[in-house]
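Participant:
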Amino acid sequence: MVEDAPVALEARHLTKRFGHLYANHDVSIQVRRGEILGLLGENGAGKSTLVKMLFGLYQPDEGEILINDEIVHLRDSGDAIRRGVGMVHQHFQLVPVFTVAENIMLGDESTRAGLLDEGAAALRIRELATRFGLQVDPSALVEDLPVGTQQRVEILKTLYRRADILILDEPTAVLTPTETDELLKVLRELAEQGAAIVFITHKLREAIAACDTITVLRAGQVVGTTTPQETDRAGLANMMVGRSVVLQVDKGEAHPADVVLDVAGLEVDDDRGHRAVAGLDLDVRAGEIVGVAGVEGNGQRELVEAIAGMRKTHGGSIRFKGQRLDGQRAHAVNRMGVSHIPEDREKHGFIGMYSVASNFVLERFDEPPYARGVVRDFGAVEAHAAEMVERFDVRPRNIDRPMESLSGGNKQKVIVARELTQDAELVIAAQPTRGVDVGSIEFIHRQLVEQRDRGVAVLLVSAELDEILALSDRVAVIYEGRIQAVMPVAEATRERIGLLMAGDQA
Amino acid sequence: MSASPQRKKIVLALAPVVAVIIVAYLFYFFNSEVKTGAVLNGTFRDSTPLVLAALCGLLGERTGIVNIGIEGQLLMSAFTGFYVAAATGSIWTGVLAGALSGALLGVFLALCAVTWKIDQIIAGTVINIFVAGLTSFLYAQGKTLTGSLPQIEIPLLRDIPLIGRAVFENTPIAYLAIILVVVLHVGLFHTRWGLRSRAVGEHPNAADSLGINVGLKRYVNTALAGGLAGLGGAFLSLEAVGTFERGMSAQRGFTALAIMIFGRWKPFLAWAGALFFAFTSALARQLQFDQVIDVPPQFINILPYVLVIVVLALFAGRVRPPAAAGKPFVRE
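Protein chains in written order, with this note's numbering: chain A, 63 to 568; chain B, 211 to 542.
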């Protein structure tokens, strides 16, 4: 039935160049009413450029855009909005200190006698919210809302403007698995009510679960269009990177030696002062990867931060080769031989305004060879950085650019490169591949395994069960701040771990 | 749910006002009515340029432009206002010229900040230095004004004891400043213009993605804000003193920035802050005049600043400026 529905949005042979680089080359896509089109591709494949053209933020150099079978020239986002196109940006475009209603009506305000009429806006918002299952309180301040709810506000913003063509740019990148499921349900509901939806992602599982049609982009070109019925994850991954991706990590037998990290009876509070880690025991040996699996919010973050010296502990002990880590500051922990790939890379992983080169030596900048006395040696810093960007394939190679100008995948590569080249004896990797493209995921995984083979103890915390199962030698399941069970990966079936993650003893 | 923070805000706003009234009353009680009247008169007169300058600052920052050139805008408009009034013989033309010169400097600031994306602190400093030099250079002695702005007396209200004559026997710009406080409050928080302006100051990318012209909004609001400071400057030379002197803005532009922060970028709170500061200055002047306290005048003159620091420390708590203030807008 979707096949007979009218085409809502079509791109024909779009080309966009930046300088002499093709960001998009002869790209054609179409999406019908009631259809969810998945736009799949690695970071830098040209997905964002494409949707920016569809939303009027970029003008194509060649080709044409059709909305409801009519050729349109979109000069700015206002043009696109007027024609019923709505976009949910990857980074939310919400004013944190405004209420939900203020955010939604901004630019399309209801007024009465010249004054804002928030009541009228709230009424319409509630109507839309009920119709599409997007419950939200119009008078709440956006900054107080969880990420998933903020995204609902973004979707409501487009619906408020009567958009019936929705473009979502990596909407699941910031969501928890539960929130993702809810979002996918909402999208299906919207499609059933006649909307045409373009859903951008680099997560294969979501593309297969949520989309009717999937168009894969690579290096600015369309590689192919398929449907979930015709393909599977391996097939999509091949299309995305143009070669076979090892979703299964290639690794040999582990040779665990002495215990490097020994956590016993650990107690840690979360930001609100609630006990998040409650009597946790865990050990990691040299030469093995221990994966901590669990639903997010069960104390993983607090555990990692406590080990890394970023959070106060309230009981128990953390020992690294017999020395106490608890009570030490982050820098001291690092100097003792513990590397940390933080979960929130934007916040704890780098300094955005500093150059890529400086970010490579964040923990070492004041020591030889990167400093002589109190004077930094930029020559040494740059030489180091130049070597690192080659070795870890950081793109672009320019080490003078501010760190914040890099893509998410490349930022993560810089952090991984920095943390894994310190000759640490313990590596804590928290969500090491979150928001990173397939090629980089594979690379980071190989690096972690290499560390293990060199005799480093690796503690891996990840929300992606696939990642845990692919990398770990032993799997520990965390639930409500405690380790439910630890098992060799051979005994860790999805079913068993699923039960443990939900709190059942299995 | 929202009632208690709302109430807290009102209490915070009223606290300095109440404090002023209490102190004024005590002063009245221990002194004579004449002296108290003089202090209160001074309070309202001094508060006018301060509140106008603070409104200039907060309107700019609400839209994302940090304006430390207020000092220069005050001085320029005091200069322009006075000499235009002296040349044309019309005080009103002088006021208008003063406001326009402030607005013009606002446009210049926007040109630096929006079009050229120059650091806004540097742009503001440029304004201050440029104006200080220019007005000193062009300063000419011996000009006088013919007449001054009329006092407007509001009947009945002016008969209220103590504050009646201080508040309701004032010059037009003083009344206008109070009206502008209300207008700016309603404008910022209850109109489309205000919602969009604040969005531009908090999250310009969000505003941009909804088709709002960020640059234009910043230009217009910075110019309007400059006009407010310009009124304040014109008040300085045409109403308060009746002459122009070199450097006569006397750091009021920077004081206004402190008042803006104290007022949390809200017009009414800024007004309360301006009144409070002006009251302490007026009080210090009176104490000095009466030689009540036998200390060198320099120490009495620092009283307002010390009190502002104390009050800021006690009441400021966590202040949060508009998120995008001072940052040039670059489309993502």
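All C-beta atoms in this analysis are idealised placements derived from N, C-alpha and C, irrespective of residue type, glycine included.
Since the structure is predicted, the reported quantities are computational estimates derived from the model, not experimental observations.
For A/G349, which option in A/R145, A/D515, A/V523 has the closest C-alpha, if you only look at C-alpha atoms?
Facilitator: Walking along the first sequence from the start, residue 349 of chain A turns up at place 287. The option with the nearest alpha carbon to A/G349 is A/D515.
Participant: If we cut at 8 Å on Cβ distances, does A/I262 have a partner in chain B?
Facilitator: Along the first sequence, read from residue 1 onward, the residue named residue 262 of chain A stands at position 200. Closer than 8 Å: no.
Participant: With distance defined between alpha-carbon atoms, name the residue in B/G357, B/L405, B/L315, B/I339 nearest to A/V157.
Facilitator: Residue 157 of chain A sits at position 95 when you count from the first residue of the first sequence. The shortest C-alpha separation from A/V157 is found at B/L405.
Participant: Measure from the alpha carbon of A/T77 to the alpha carbon of each residue in A/T173, A/A67, A/Y120, A/L266, then state which is nearest.
Facilitator: Start at 1 with the first residue of the first sequence, and residue 77 of chain A comes out as number 15. Of the listed residues, the one whose Cα sits closest to A/T77 is A/Y120.
Participant: DSSP on A/Y416, reduced to helix/strand/coil?
Facilitator: The residue given as residue 416 of chain A occupies position 354 in the first sequence. If DSSP states are grouped into helix, strand and coil, A/Y416 belongs with coil.
Participant: Using 7 Å as the cut-off, classify the Cβ of A/L156 as near or not near the heavy atoms of the ligand FAD, replying yes or no.
Facilitator: The ligand content of the structure shown is nil, which means the ligand FAD is not present either.
Participant: In chain A, which residues lie less than 8 Å from B/I422 when you measure between Cβ atoms?
Facilitator: In the second sequence, counting from the first residue as 1, residue 422 of chain B sits at position 212. What B/I422 touches in chain A: L168, G169.
Participant: Can you name the residues of chain B whose CB is closer than 7 Å to the CB of A/T173?
Facilitator: For the purposes of this step, residue 173 of chain A is taken as residue 111 along the first sequence, with counting starting at 1. Chain B residues near A/T173: R402.
Participant: Residues of chain A with a CB under 9 Å from the CB of B/A409: which are they?
Facilitator: Here residue 409 of chain B is taken as the residue at index 199 of the second sequence, counted from 1. The contacting residues are V157, F160, E164, N165, L168, G169.
Participant: Check each residue of the segment 134 to 152 of chain A: if its Cβ is closer than 8 Å to any Cβ of chain B, include it; give the result in chain order.
Facilitator: Here the close residues are D138, S139, G140, I143, M149, H151.
Participant: Secondary structure at A/P575, three-state DSSP: helix, strand or coil?
Facilitator: Absent from the model: residue 575 of chain A. The displayed extent of chain A is 63 to 568, so no value can be given.
Participant: Could you spell out where the beta strand (DSSP E) holding A/D343 opens and where it closes?
Facilitator: Along the first sequence, read from residue 1 onward, the residue named residue 343 of chain A stands at position 281. Looking at the DSSP string, the run of the beta strand (DSSP E) that includes A/D343 is 337 to 347.
Participant: With a CB to CB cut of under 7 Å and the five nearest residues on each side skipped, what residues in its chain are close to B/V261?
Facilitator: Within the second sequence, residue 261 of chain B is the residue found at index 51, counting from 1. For B/V261, where only same-chain residues beyond five positions count, the Cβ hits under 7 Å are A387, V391, A480, W481, A484.
Participant: In its own chain, which residues sit with a C-beta less than 8 Å from the C-beta of A/P68, not counting the 5 before and 5 after it?
Facilitator: As a working note, residue 68 of chain A is residue 6 in the first sequence. Excluding sequence neighbours, A/P68 sits near R94, R95, N130, D131.
Participant: Measuring only the C-alpha atoms, how far is A/V278 from A/K109?
Facilitator: Numbered from its first residue, the first sequence carries residue 278 of chain A at position 216. Numbered from its first residue, the first sequence carries residue 109 of chain A at position 47. Spanning the two alpha carbons is a distance of roughly 9 Å.
Participant: Could you please give the first and the last residue of the uninterrupted beta strand (DSSP E) stretch that includes B/N338?
Facilitator: The residue you call residue 338 of chain B lines up with position 128 of the second sequence. Looking at the DSSP string, B/N338 is not in any beta strand (DSSP E); the run it does join, the alpha helix (DSSP H), is 330 to 348.
Participant: Entirely within the segment 344 to 413 of chain A and at least 3 residues each: give me those beta strand (DSSP E) ranges in chain order.
Facilitator: Counting only runs of 3 or more, we get 351 to 355, 375 to 382, 400 to 403.
Participant: Alpha helix (DSSP H) containing A/Y222: first to last residue?
Facilitator: Along the first sequence, one-based indexing puts residue 222 of chain A at 160. Taken as a continuous stretch (DSSP letters only), the alpha helix (DSSP H) holding A/Y222 covers 209 to 222.
Participant: For B/W475, count neighbouring Cβ atoms within 10 angstroms of its own Cβ and tell me buried if that reaches 16, exposed if not.
Facilitator: Position 265 of the second sequence holds residue 475 of chain B. Label assigned to B/W475: buried.
Participant: Can you tell me where the alpha helix (DSSP H) holding B/L251 begins and where it ends?
Facilitator: Reading the second sequence from its first residue, position 41 is the one you call residue 251 of chain B. Per the sequence presented here, residue 251 of chain B reads as Asn, with Leu not at that position. It spans 243 to 272 - the alpha helix (DSSP H) in which B/N251 sits, taken as one unbroken run.
Participant: List, in order along the chain, the chain C residues whose C-beta lies closer than 7 Å to that of A/G176?
Facilitator: Protein chains A and B are contained in the structure displayed, whereas chain C is not.
Participant: For the beta strand (DSSP E) containing A/N86, list its first residue and its last residue.
Facilitator: Position 24 of the first sequence, counted from the first residue, corresponds to residue 86 of chain A. Its beta strand (DSSP E) spans residues 83 to 94.
Participant: Going by beta carbon distance, what residues of the same chain come within less than 7 Å of A/G286, once the five residues before and after it are set aside?
Facilitator: Sequence index remark: in the first sequence, residue 286 of chain A carries index 224 (1-based). These residues qualify, in order along the chain: V278, M301.
Participant: Can you confirm whether B/L405, when its beta carbon is compared against all beta carbons of chain A, has any partner nearer than 8 Å?
Facilitator: Counting from one through the second sequence, the residue named residue 405 of chain B turns up at place 195. At least one chain A Cβ lies under 8 Å of B/L405.
Participant: Go ahead and pull the three-state DSSP assignment for B/M211.
Facilitator: The residue given as residue 211 of chain B occupies position 1 in the second sequence. Residue confidence is low: B/M211 scores 35 on pLDDT, short of 50, so the model does not pin down where it sits. Its coordinate-derived value is still stated next. The answer is coil: DSSP assigns B/M211 none of H, G, I, E or B.
Participant: Is the beta carbon of A/A253 less than 8 Å from the beta carbon of A/I262?
Facilitator: As a first step, residue 253 of chain A is located in the first sequence; it is residue number 191 there, counting from the start. As a first step, residue 262 of chain A is located in the first sequence; it is residue number 200 there, counting from the start. No, these two residues do not count as a Cβ contact at 8 Å.
Participant: Got a sec, what are the start and stop residues for the beta strand (DSSP E) A/Q546 sits in?
Facilitator: The count along the first sequence starts at 1 and reaches residue 546 of chain A at position 484. It spans 544 to 550 - the beta strand (DSSP E) in which A/Q546 sits, taken as one unbroken run.
Participant: What does the alpha-carbon distance come out to for the pair A/S201 and A/V162?
Facilitator: Working through the first sequence from its first residue, we reach residue 201 of chain A at position 139. Working through the first sequence from its first residue, we reach residue 162 of chain A at position 100. Distance between the alpha carbons of A/S201 and A/V162: 6 Å.
Participant: On a CA-only basis, which of B/G436, B/L513, B/I383, B/P414 is nearest A/G169? Give me that one, please.
Facilitator: As a first step, residue 169 of chain A is located in the first sequence; it is residue number 107 there, counting from the start. If we check each option's Cα against that of A/G169, B/P414 comes out closest.
Participant: For chain A, find out if any of its Cβ atoms is closer than 8 Å to the Cβ of B/N415; answer yes or no.
Facilitator: Numbered from its first residue, the second sequence carries residue 415 of chain B at position 205. Chain A contact via Cβ: present.
Participant: At which residues does the beta strand (DSSP E) containing A/D331 begin and terminate?
Facilitator: Counted from its first residue, the first sequence places residue 331 of chain A at position 269. Start and end: 321 to 331.
Participant: Would you report the Cα separation of B/A313 and B/M286, rounded to the nearest angstrom?
Facilitator: In the second sequence, the residue the question calls residue 313 of chain B occupies position 103. In the second sequence, the residue the question calls residue 286 of chain B occupies position 76. About 10 Å.
Participant: Residue range of the alpha helix (DSSP H) that A/I166 falls in?
Facilitator: In the first sequence, counting from the first residue as 1, residue 166 of chain A sits at position 104. That run of the alpha helix (DSSP H) goes 162 to 167.
Participant: Could you tell me which chain A residues have their CB closer than 9 Å to the CB of B/E271, listed as they occur along the chain?
Facilitator: Working through the second sequence from its first residue, we reach residue 271 of chain B at position 61. The contacting residues do not exist; B/E271 stays about 13 Å from chain A at best.
Participant: Under a three-way DSSP split, which group does A/L562 fall into?
Facilitator: Counting from 1 along the first sequence, the entry for residue 562 of chain A is found at position 500. Residue state, collapsed to three classes: helix.
Participant: Can you check whether the C-beta of A/G81 is within less than 8 Å of a C-beta belonging to chain B?
Facilitator: For the purposes of this step, residue 81 of chain A is taken as the residue at position 19 of the first sequence. Chain B, which has no Cβ nearer than 8 Å to the Cβ of A/G81, makes this no.
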